[in-house]
Amino acid sequence: MVIGERKPFDEIMKMLEGVKKIAVMGCGGCVTVCLTGGHDEVRVLSSQLRMARDKEGNPIEIIEKTLERQCDPEYVEQAEGTASEVEAILSMACGAGVQFMAERYKDLPIYPALNTTFVGGSKKEGYYVERCQTCGECKLYFTGGICPIARCSKSLLNGPCGGSTNGKCEIDPDIDCAWQLILDRLKSLNQMDRYSSMMPINDWRTNRDGGPRKMIREDFQR
Amino acid sequence: MSDEFKSGSKLEKVLKSGQFAVTGECGPPRGADAEVIRKKCSLLKDKADAFNITDNQTAVVRMSSISSAVIMMQQGMEPVMQMVCRDRNRIAIQSDILGGAALGIKNMLCLSGDHQKFGDHPQAKNVFDLDSIQLINTVKMMRDEGKFLSGEEIKGAPKLFIGAAANPFADPFEIRAPRLAKKVAAGVDFVQTQCIFNIKKFEEWMKQVVDMGLHEKVYILGGVTPFKSFGMARYMANNVPGMDVPDELLQRMKNTPKEKQAEEGITIAVETIKQLQATKGISGVHIMAIEWEEKVGEIAEKAGLLPRPNV
Amino acid sequence: MSDFEPIVVAFCCHYCAYGAADLAGSMRLEYPTNLRIIRLPCTGKITPVFLLRAFEKGADGVYVAGCLEGDCHFIQGNLVAKPRVNYTKKLIQEVGLEPERLEMFNMSAAMGPRFAEVAREFVQRIKELGPSPLNKNYHIQSDAA
Numbered sequence: 001m002v003i004g005e006r007k008p009f010d011e012i013m014k015m016l017e018g019v020k021k022i023a024v025m026g027c028g029g030c031v032t033v034c035l036t037g038g039h040d041e042v043r044v045l046s047s048q049l050r051m052a053r054d055k056e057g058n059p060i061e062i063i064e065k066t067l068e069r070q071c072d073p074e075y076v077e078q079a080e081g082t083a084s085e086v087e088a089i090l091s092m093a094c095g096a097g098v099q100f101m102a103e104r105y106k107d108l109p110i111y112p113a114l115n116t117t118f119v120g121g122s123k124k125e126g127y128y129v130e131r132c133q134t135c136g137e138c139k140l141y142f143t144g145g146i147c148p149i150a151r152c153s154k155s156l157l158n159g160p161c162g163g164s165t166n167g168k169c170e171i172d173p174d175i176d177c178a179w180q181l182i183l184d185r186l187k188s189l190n191q192m193d194r195y196s197s198m199m200p201i202n203d204w205r206t207n208r209d210g211g212p213r214k215m216i217r218e219d220f221q222r
Numbered sequence: 223m224s225d226e227f228k229s230g231s232k233l234e235k236v237l238k239s240g241q242f243a244v245t246g247e248c249g250p251p252r253g254a255d256a257e258v259i260r261k262k263c264s265l266l267k268d269k270a271d272a273f274n275i276t277d278n279q280t281a282v283v284r285m286s287s288i289s290s291a292v293i294m295m296q297q298g299m300e301p302v303m304q305m306v307c308r309d310r311n312r313i314a315i316q317s318d319i320l321g322g323a324a325l326g327i328k329n330m331l332c333l334s335g336d337h338q339k340f341g342d343h344p345q346a347k348n349v350f351d352l353d354s355i356q357l358i359n360t361v362k363m364m365r366d367e368g369k370f371l372s373g374e375e376i377k378g379a380p381k382l383f384i385g386a387a388a389n390p391f392a393d394p395f396e397i398r399a400p401r402l403a404k405k406v407a408a409g410v411d412f413v414q415t416q417c418i419f420n421i422k423k424f425e426e427w428m429k430q431v432v433d434m435g436l437h438e439k440v441y442i443l444g445g446v447t448p449f450k451s452f453g454m455a456r457y458m459a460n461n462v463p464g465m466d467v468p469d470e471l472l473q474r475m476k477n478t479p480k481e482k483q484a485e486e487g488i489t490i491a492v493e494t495i496k497q498l499q500a501t502k503g504i505s506g507v508h509i510m511a512i513e514w515e516e517k518v519g520e521i522a523e524k525a526g527l528l529p530r531p532n533v
Numbered sequence: 534m535s536d537f538e539p540i541v542v543a544f545c546c547h548y549c550a551y552g553a554a555d556l557a558g559s560m561r562l563e564y565p566t567n568l569r570i571i572r573l574p575c576t577g578k579i580t581p582v583f584l585l586r587a588f589e590k591g592a593d594g595v596y597v598a599g600c601l602e603g604d605c606h607f608i609q610g611n612l613v614a615k616p617r618v619n620y621t622k623k624l625i626q627e628v629g630l631e632p633e634r635l636e637m638f639n640m641s642a643a644m645g646p647r648f649a650e651v652a653r654e655f656v657q658r659i660k661e662l663g664p665s666p667l668n669k670n671y672h673i674q675s676d677a678a
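Protein chains in written order, with this note's numbering: chain A, 1 to 222; chain B, 223 to 533; chain C, 534 to 678.
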């Protein structure tokens with residue numbers, strides 16, 4: 001899923017300077033699962049904003065709403081009624097959701113309440129880790145199901161570098177050395193031959209380097 | 223290894239002649255004053271066959287390795303231009319290779335590069351378009367096939383003697399020799415190892431290297447760094463990733479009176495070189511006297527490596 | 534601010550603090566009348582939203598009282614509540630309220646005197662902090678989905 005992290009409260013307050021009535025718009029997708037932009041977080045942030053503004057003697061009126069997903073026009077449409085009542089929408093979706101909202105509600109400022117951080121999963125409840133960098137050319141077949149692009153600090157395809165110590169990355173002792181993990185896996189899978197051949201130079205066109213990407217299912221096009 | 227020279231650098235000739243090679247290291251300054259390099263050069267001249275010019279080492283901005291290498295050549299010395307994958311994509315890398323070769327640089331060392339987290343610009347975006355092994359392969363392709371990575375022909379292929387680093391001490395240990403094999407397969411001509419303090423572990427690694435026959439395909443130069451003091455030894459043991467300093471060496475430095483520690487550090491370095499000379503598969507030594515360039519000559523002298531041969 | 538009588542909301546677990554409050558009553562122990570007790574089936578039910586809403590509605594102080602650690606009727610509800618209370622302290626601090634206005638306490642149903650003591654001490658703490666800047670009626674239009 002896409003992981004987001006709420007922006008610092010002060011930054012959000014600054015974005016809303018001079019605004020009297022907003023909607024705080026949650027998203028029922030990934031950010032609900034990672035506990036940063038769903039129904040509960042909408043209520044928490046709204047409550048905080050009301051308190052902070054009330055304390056300043058400058059109250060703000062807030063409509064709290066959560067859409068099924070903000071990255072889908074079908075659901076974005078459902079914010080229409082709310083959008084017509086407010087001066088701005090504070091979106092608690094990932095960066096994609098914020099932009100889908102902005103595309104649909106052209107005359108309304110849509111502000112981001114989150115920093116979209118990475119594609120990952122939950123190691124345990126409330127603890128999220130990066131697993132994929134969406135490079136567009138999956139190499140997990142060669143690397144024992146562990147991604148060197150997302151998980152090696154230098155994205156080395158023929159690692160490890162010389163800084164791996166006791167299975168940890170040189171940049172942070174809390175980060176596992178991806179190549180240590182890969183080698184351990186390849187060994188236990190009896191696939192060490194996949195390490196000995198050189199991984200060729202990557203074609204980054206499938207990555208963001210090739211420009212913004214799209215994916216089209218032809219059978220859905222009319 | 224064929225009779226023809228790959229670049230005809232002095233380093234290549236010394237190694238090829240079977241003589242024990244010596245390389246040193248020279249870090250460019252954090253400024254545009256060429257005089258700093260000239261001064262360092264005057265301390266190092268004739269003390270080794272060639273000298274690595276670091277490329278924004280530890281991700282701290284310094285004068286570029288290409289231009290520093292050119293200044294060094296003007297002093298009549300031979301540089302080994304280092305190049306890291308951290309700061310350049312394949313377009314810039316190939317361009318700098320052509321530029322370096324055009325300016326007369328004949329040795330190049332291919333490195334991944336320290337992560338920018340350790341440097342003075344931790345906010346920087348890193349590149350790592352290629353990794354060190356792919357960089358080796360790129361230089362080899364440019365030199366031997368006369369082709370760019372795109373497959374297009376190079377008009378005037380760069381003649382470079384290709385080097386790489388090898389760290390026998392980093393984890394996981396069991397793939398350290400296979401990793402060298404990968405670099406050999408990619409086309410490396412010589413490797414310089416990480417500073418060797420744990421000679422036992424180094425010999426264990428060398429045994430694997432020799433068993434795999436890699437020493438016949440690549441020249442291996444053992445890395446040697448003299449301790450300036452007990453403090454430095456302790457720092458390297460505890461704070462430098464991938465460094466293996468055994469306790470007995472630390473104790474030896476600790477038990478030496480402070481004013482004699484520098485001398486003891488040099489003695490240890492000389493002993494290490496002697497041991498390396500006796501190790502099968504070792505073709506030379508790479509002396510890294512970090513900000514202590516004036517001692518390279520003394521170490522080489524005491525190890526009986528001076529004068530350097532004329533090739 | 535000598536005549537300041539704070540509003541303190543106490544979220545009390547049914548299995549311990551709520552019983553302790555009863556016991557304190559039967560023992561005729563005195564504790565401040567500032568408390569507004571809300572009974573929870575377990576402190577594991579508490580969320581930042583509950584706590585923030587209490588402050589938003591003008592509470593000067595809020596505390597959560599759950600079972601002694603290791604004694605939760607639902608095994609670990611009080612251990613769920615503890616980090617949530619600590620997290621909410623940060624949330625109210627962002628808003629500009631003192632984190633000391635929020636606290637978690639642990640007690641058993643047999644600790645009537647402790648219940649009264651906690652109530653007295655906490656109300657005293659809030660008296661010293663003074664009224665919350667949000668202590669007034671506040672109208673919210675809500676369209677929670």
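Built from N, CA and C at the ideal position, the CB exists for glycine as well. All figures in this text were calculated on a predicted structure; none of them were measured in a lab.
Where residue i falls: helix, strand or coil (DSSP)
i, result
"B/V349", "coil"
"A/I182", "helix"
"A/R213", "coil"
"B/H169", "The question about residue 169 of chain B has no answer here: the residues shown for chain B are numbered 223 through 533."
"A/V248", "Beyond the ends of chain A as shown, which are 1 and 222, falls residue 248 of chain A; an answer cannot be given."
"C/E538", "coil"
"B/D366", "helix"
"A/R151", "helix"
"B/C332", "strand"
"B/Q414", "strand"
"B/L320", "helix"
"A/I201", "coil"
"A/S164", "coil"
"B/V431", "helix"
Chain A contact for residue i (CB, 7 Å cutoff)
i, result
"C/L624", "yes"
"C/P664", "no"
"B/I397", "yes"
"C/L585", "yes"
Length of the line joining the Cα atoms of residue i and residue j
i, j, result
"C/C600", "C/K615", "11 Å"
"B/I495", "A/Y141", "44 Å"
"B/T415", "B/R398", "11 Å"
"A/E130", "C/L630", "34 Å"
"C/V656", "A/K21", "35 Å"
"B/M299", "B/F273", "8 Å"
"A/Q191", "A/T143", "9 Å"
"A/M13", "A/N166", "44 Å"
"A/D203", "A/Q70", "32 Å"
Span of the beta strand (DSSP E), counted from its first residue to its last, around residue i
i, result
"A/E61", "61-67"
"A/R194", "Where A/R194 is concerned, there is no enclosing beta strand (DSSP E), although the alpha helix (DSSP H) it sits in stretches over 193-196."
"A/D176", "172-176"
"A/S91", "88-91"
"B/F340", "No beta strand (DSSP E) contains B/F340, which DSSP labels as neither H nor E."
"C/E636", "635-639"
"A/C27", "21-27"
CB contact below 7 Å: residue i versus chain C
i, result
"A/A225", "No answer is possible for residue 225 of chain A: it lies beyond the span of chain A, which begins at 1 and ends at 222."
"A/K52", "In the sequence under discussion, the amino acid at residue 52 of chain A is Ala, which differs from the Lys named in the question. Taking Cβ atoms only, chain C reaches closer than 7 Å to A/A52, which makes this a yes."
"A/Q70", "no"
Closer than 6 Å: residue i CB and nearest the ligand FMN heavy atom
i, result
"A/C152", "No copy of the ligand FMN appears in this structure; indeed no ligand is present at all."
Continuous alpha helix (DSSP H) stretch holding residue i: start and end
i, result
"A/H39", "39-55"
"B/C248", "Here B/C248 belongs to no alpha helix (DSSP H); instead the beta strand (DSSP E) covers 243-248."
"C/P581", "581-589"
"B/S286", "No alpha helix (DSSP H) holds B/S286; DSSP gives it neither H nor E."
"C/A592", "Segment: none, C/A592 is in no alpha helix (DSSP H) and carries neither H nor E."
Any C-beta of chain B under 7 Å from that of residue i
i, result
"A/N207", "no"
"A/L189", "no"
Of all the residues that make up the stretch 258-283 of chain B, which are near chain E by a beta-carbon distance shorter than 7 Å?
-> Reference to chain E is not applicable here, since the protein chains of this structure are A, B and C.
Near-chain B residues of the stretch 148-171 of chain A - C-beta to any C-beta below 8 Å = S153, K154, S155, L156, L157, N158, G159, P160, C161, G162, G163, S164, T165, N166, G167, E170, I171
Residues of the stretch 339-371 of chain B whose Cβ lies closer than 8 Å to any Cβ of chain A, in chain order | K339, F340, N348, F350, D351, L352, D353, S354, I355, Q356, N359, T360, L371
Taking any Cβ of chain A, which residues in the stretch 505-520 of chain B have a Cβ under 8 Å from it, in chain order?
-> none
Can you give me, in chain order, the residues of the stretch 318-341 of chain B that have a beta carbon less than 7 Å from any beta carbon in chain A?
-> S334, H337, K339
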